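There are 2 protein chains.
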Amino acid sequence: MKRKSLPLSQVYRLLEPGPVVLVTSARKKQINIMTMSWHTMMEFEPPLIGCVISNRNYSFELIKTTKECVLNIPTVELLDKVVACGNTSGKKVDKFKTFHLTPLPASRVAPPLIAECYVNLECRVVDTKLVAKYNFFILEILKAWIDPKKKKPKTVHHQGRGVFMIAGKTLKTSSHMK
Amino acid sequence: MKRKSLPLSQVYRLLEPGPVVLVTSARKKQINIMTMSWHTMMEFEPPLIGCVISNRNYSFELIKTTKECVLNIPTVELLDKVVACGNTSGKKVDKFKTFHLTPLPASRVAPPLIAECYVNLECRVVDTKLVAKYNFFILEILKAWIDPKKKKPKTVHHQGRGVFMIAGKTLKTSSHMK
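Heads up: the sequence lines are chains A and B, in that order. Throughout the first sequence, residue numbering follows my numbering, covering 2 to 179 in sequence. Throughout the second sequence, residue numbering follows my numbering, covering 2 to 179 in sequence.
Laid out in structure tokens, this is it:
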């Protein structure tokens, strides 16, 4: 797959519909993947994302310390791996090796992209004011990558208790909203 | 439709997949509806929601002042009204009247429920620390209502430029995630 640079102004169109993302983080030789659904856009450009990363997760310390991560958006073909990443801890498991995911070097941050995901968003933590109380991080997206061949990506949307909604058809309306 | 009370512990299952919501707010005789996609769960129970309400919106002042709103989740049958609410300002238009939506009294807050929506979440603003910088409000859900007859709700998920993704089929996995 040949990855294309995506203009930062277009990132909201990918995250706003609420897909599950895989968050990669790294510190020295530690490297991890976390499954996450609690995120929202906060600004169009530069794109800001707010997200909850529980302090019970191994990724919490990595991201809090290094202030870097990558948000990778998987499609339904990867659902088994998405679930596996969510059901295990990086404290015990090297998730890249165990679940056969491929790390690729990022351009602006240390944590790797996940090659199998159709979108990769390189992020820096820019605000930690709500981390102590809510585990809420604000990320700025520094660089965005997309697989231009993926025309109708079937993203997965978590509904709890093992159930995921798969992205259905799209409708074009006369909306003037950005 | 007979609305059923939904346990607060189940709210995350509705908002986590990223549906567009219609936000109702009210102050004295002013009443408004706003279309919103920038929201995320922040805590399971009591359910906390973080959301961005732009200060360019008429709803911003209403919600900032009264500290109350209702999040109503529409399905695809309402998409035209969702778009209409997003394309107009409550400063000029009474959206309930103009778009033929039905206000119902809420139980815990002043703003009305929208009868046509299959879910209604009555909210109080509990944290405004990030409002000045990011227009970011933290809401606690006080009371949740659902139409128990709506089995496979086709929620709508905004992708920008007039395009909406409609909720597709669901898959059950072996995930142990809550």
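Glycine included, C-beta positions come from ideal geometry on N, C-alpha and C. Since the structure is predicted, the reported quantities are computational estimates derived from the model, not experimental observations.
**Sequence-distant residues of the same chain with beta carbon closer than 6 Å to Glu17(B), five excluded per side** = Met42
**Asked** Any beta-carbon of chain B closer than 9 Å to the one on Pro18(A)?
**Response** yes
**Message:** Let's see if you can read the secondary structure: which residues bound the alpha helix (DSSP H) around Ile64(B)?
**Reply:** Tyr59 to Thr67
**Item:** Buried or exposed by the 16-neighbour rule on C-beta atoms within 10 Å, applied to Glu78(A)
**Value:** exposed
**Asked** Which residues in the same chain have their Cβ closer than 7 Å to the Cβ of Trp39(B), if we skip the five residues on either side of it in sequence?
**Response** Cys52 and Val53
**Prompt:** If you measure from the beta carbon of Ile167(B) to each beta carbon in chain A, is any gap under 9 Å?
**Reply:** yes
**Message:** Run through chain A and tell me which residues come within less than 7 Å of Leu175(B), C-beta to C-beta.
**Reply:** A small fix is needed here, since residue 175(B) is Ser in this sequence, not Leu. Result: Val84 and Gly163.
**Request:** Indicate whether at least one CB of chain B lies closer than 9 Å to the CB of Lys170(A).
**Result:** yes
**Asked** Is it the case that the Cβ atoms of Trp178(A) and His159(B) are separated by a distance below 9 Å?
**Response** Checking the sequence, you will find Met at residue 178(A) rather than Trp. Contact: yes.
**Asked** Taking 9 Å as the CB-CB cut-off, is Ile54(A) touching chain B?
**Response** no
**Item:** Partners in chain A for Tyr135(B), counting only beta-carbon separations shorter than 9 Å
**Value:** Met43, Glu44, Leu49, Gly51, Asp128 and Ile139
**Own chain partners of Ser60(B) with C-beta closer than 7 Å, once the 5 adjacent residues on each side are dropped** = Val24, Ser26, Asn33, Met35, Ile54 and Gly91
**Asked** Can you tell which of Lys153(B), Asn121(B) and Phe138(B) has the C-alpha that lies nearest to the C-alpha of Ile167(B)?
**Response** Lys153(B)
**Request:** For Leu80(A), return the contacting residues in chain B, with the cut-off set at a CB-CB distance below 8 Å.
**Result:** Leu172 and Thr174
**Request:** List the residues of chain B that His40(A) touches, going by C-beta distances under 8 Å, in chain order.
**Result:** Thr41
**Message:** On the CB-based measure, 16 or more other CB atoms within 10 Å of its CB, does Thr66(B) come out buried or exposed?
**Reply:** exposed
**Request:** Counting only the same chain and skipping the five closest in sequence on each side, list residues whose C-beta sits under 6 Å from that of Asn73(A).
**Result:** Leu23, Ile115, Cys118 and Asn121
**Prompt:** Quick one: is Asn56(A) buried, meaning 16 or more other Cβ sit within 10 Å of its Cβ, or exposed?
**Reply:** exposed
**Prompt:** Under 9 Å between the Cβ atoms of Glu123(B) and Ile142(B)?
**Reply:** yes
**Item:** Other residues of its chain near Lys151(A): CB distance less than 6 Å, five sequence neighbours each side excluded
**Value:** Tyr119
**Asked** Taking C-beta to C-beta, are Arg14(B) and Val84(A) nearer than 9 Å?
**Response** no
**Message:** Against Lys179(B), what residues of chain A qualify as contacts under a CB-to-CB distance less than 7 Å, listed in chain order?
**Reply:** Gly161
**Prompt:** Rounded to whole angstroms, how far is the Cβ of Arg4(B) from the Cβ of Asp148(B), which I believe are closer than 8 Å?
**Reply:** 6 Å
**Request:** Tell me whether the beta-carbon of Tyr135(A) lies closer than 9 Å to the beta-carbon of Leu9(B).
**Result:** no
**Request:** Determine the closest residue to Asn58(A) out of Thr99(A), Met37(A), Lys173(A) and Lys82(A), with distance taken between C-alpha atoms.
**Result:** Met37(A)
**Alpha carbon of Leu80(A) to alpha carbon of Ser175(A), nearest angstrom** = 33 Å
**Message:** According to DSSP, simplified to helix, strand and coil, what is Cys52(B)?
**Reply:** strand
**Item:** Extent of the continuous beta strand (DSSP E) to which Cys124(A) belongs
**Value:** Val120 to Asp128
**Length of the line joining the Cα atoms of Thr171(A) and Phe45(A)** = 22 Å
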